[in-house]
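Here the protein sequences come in this chain order: A and B. Mapping the first sequence onto full-length UniProt numbering, position 10 (from 1) lands on 10, and the numbers just tick up by one. Mapping the second sequence onto full-length UniProt numbering, position 49 (from 1) lands on 49, and the numbers just tick up by one. Below is one structure; the comments refer to it alone.
Protein chains: 2
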Amino acid sequence: MTQRGRPREFDLDDALDKAIDVFWKQGYGGTSLSDLTEAMGISRPSLYSAFGNKEQTFKAAVERYARVDMAYVDDALSAPTAYETVSRYLRSNADAVTTPGKPAGCLSIQGGLSAGPDDDRVVRYLADRRADGERRFADRFARAIADGGLPASEDAADLAKYVSTVSAGLAVQAAAGVSREELHRVVDRALLAFPDKASHTPASAGGGEVSSSPRARWG
Amino acid sequence: MTQRGRPREFDLDDALDKAIDVFWKQGYGGTSLSDLTEAMGISRPSLYSAFGNKEQTFKAAVERYARVDMAYVDDALSAPTAYETVSRYLRSNADAVTTPGKPAGCLSIQGGLSAGPDDDRVVRYLADRRADGERRFADRFARAIADGGLPASEDAADLAKYVSTVSAGLAVQAAAGVSREELHRVVDRALLAFPDKASHTPASAGGGEVSSSPRARWG
DNA sequence: CTAATTCTGTACCGACCGGTGCAAAAATAG
DNA sequence: CTATTTTTGCACCGGTCGGTACAGAATTAG
């Protein structure tokens, strides 16, 4: 039942963490096998035996990145209101793309936004993953619309597209060196465009609640 | 006074247009010299003689791109109000990143958002150019704040950062295949967060004007 | 015409690319 | 112990990378 041959001399997740870091900084196309093996501290055949090839190593890195570095998405989606979901998500995102000790920006975007024909599949893979994430927000907003947490006049997919657009913009800005504080001021403003529960009358309840909106207004 | 030796057999701008297209689709790092010379229809020494090297060819392409494909920025900045500037800019941007017959997205972002150590200068070059563009908007907003076109409580740099963040997000979305119509719905929403002239009392005039705000409001 | 100048195509440079063959090393099974 | 299985490091594969040397072609100056 125990493993048979010579045991692996490195930890898979430790190695993936190093791979994440390199891909995050340099993108898929900008990272060579030598960059990878040097950062991971393993030899080339060890990498191929453990992960398959460069592309599969990248996908494994992205999956781990999503599970570890983007865990805040699940937290945001579990918030009681749609507005709170968006607020938590964008705040956490602004923090995540400016985390000290990690590369600035977001692996899902820097990893490969464009590429030559060879690396095309990786670009699509990342785009698909981002679209999946956006869909989770759309589902959350659709639920809010259904239960009165958002105005019925809103479109869940459009709201989600707006949120993910701002999120992508934050990543681009962070990659260019914009500070965490500046990004939070961008988030302040972006949130002004998102409807909150207090600003309309829910269908499922009388409209008598006290506004808890934290949002500024032009005045 | 006329040129001395054998005349160049291709047009510089025509060749640059082809280079723009390839860099736009594939990014700097994803574009090889062979990709370039094939698309431009010239030989390798001709390219080196005309533009210097790959990096200088890229910079020349970006400069032409900014002058030709982003001419709408100047138009937007010449709008009478800050709000109109932002509205025109984001509308034109949504159109530009989804122009039929051109690659989806924006050369300034797809061209190189991340890269290995070799191509690092190009990434910074693009980021610097984007920052320059953002500064032009900040200047425009500062002027509006000074002359009462925007509330004195607003911060010009923050507003510009917000606009350029949304713009970057639009480019990322377009690169992933999002349609022009969807992007315009994102712009609809993004504009809700930008203060317009009608929603406050200008310092330089009595506040009696009729609101001309085109902006939706939560019901 | 000849001389000087500039561009063009071929053919090549060393370096690096992603990926692998192979034998030694390190473990378990019997 | 021997046999089997798996990982390891070294060395190498063909192909492509960005860049260039060189000679011939095309032009102007005189």
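Note that the Cβ used here is the ideal one computed from N, Cα and C, for glycine as well. Predicted, not measured: the structure shown is a model, and the values here were computed from it.
{"Check": "Boundaries (first-last residue) of the alpha helix (DSSP H) holding A:Y125", "Outcome": "120-146"}
{"Check": "The stretch 156-169 of chain A / the stretch 165-182 of chain B touching (three or more Cβ pairs under 8 Å)", "Outcome": "yes"}
{"Check": "Buried or exposed by the 16-neighbour rule on C-beta atoms within 10 Å, applied to A:E9", "Outcome": "exposed"}
{"Check": "Residue-level contact to chain A via CB, B:I145, 8 Å cutoff", "Outcome": "no"}
{"Check": "Close Cβ partners of A:G206 (< 7 Å) along its chain, the five nearest in sequence each way excluded", "Outcome": "With a pLDDT of 38 at A:G206, under the threshold of 50, the predicted position of this residue should be treated as unreliable, though the coordinate-derived value follows. No residues qualify anywhere along the chain."}
{"Check": "Start and end residues, alpha helix (DSSP H) containing B:M40", "Outcome": "33-40"}
{"Check": "Sub-8 Å separation of A:V172 and A:Y89 beta-carbons", "Outcome": "no"}
{"Check": "Sequence-distant residues of the same chain with beta carbon closer than 7 Å to B:V210, five excluded per side", "Outcome": "Unreliable placement is indicated for B:V210, whose pLDDT of 34 sits below 50; no coordinate value is reported for it."}
{"Check": "Buried versus exposed, by CB contacts within 10 Å (16 or more), A:G5", "Outcome": "exposed"}
{"Check": "Rounded straight-line distance, which links the Cα of B:R135 to that of A:P45", "Outcome": "49 Å"}
{"Check": "8 Å Cβ cutoff, B:T31 in contact with chain A", "Outcome": "yes"}
{"Check": "For B:R143, the nearest candidate out of B:Q3, B:G116, B:T85, B:G101 (CA to CA)", "Outcome": "B:T85"}
{"Check": "Residue closest to B:A156, alpha-carbon to alpha-carbon, out of B:Y83, B:D128, B:D188, B:A71", "Outcome": "B:Y83"}
{"Check": "First and last residue of the uninterrupted alpha helix (DSSP H) at A:T85", "Outcome": "82-96"}
{"Check": "DSSP state of A:Q3 mapped onto helix, strand, coil", "Outcome": "coil"}
{"Check": "Residue-level contact to chain A via CB, B:T85, 8 Å cutoff", "Outcome": "no"}
{"Check": "Helix, strand or coil at A:D188 [DSSP, three-state]", "Outcome": "helix"}
{"Check": "Length of the line joining the Cα atoms of A:V122 and A:G112", "Outcome": "7 Å"}
{"Check": "Helix, strand or coil at A:E9 [DSSP, three-state]", "Outcome": "coil"}
{"Check": "Rounded separation between A:D158 and B:R185 - CA only", "Outcome": "7 Å"}
{"Check": "Residue environment, A:G149, which counts as buried when at least 16 other CB atoms sit within 10 Å", "Outcome": "buried"}
{"Check": "Collapsed DSSP secondary structure at B:P151 in the structure displayed", "Outcome": "coil"}
{"Check": "Rounded separation between A:A160 and B:L12 - CA only", "Outcome": "44 Å"}
{"Check": "CA-to-CA distance, B:L192 to A:L192, given in whole angstroms", "Outcome": "7 Å"}
{"Check": "Straight-line Cα distance separating A:V68 from A:D139", "Outcome": "22 Å"}
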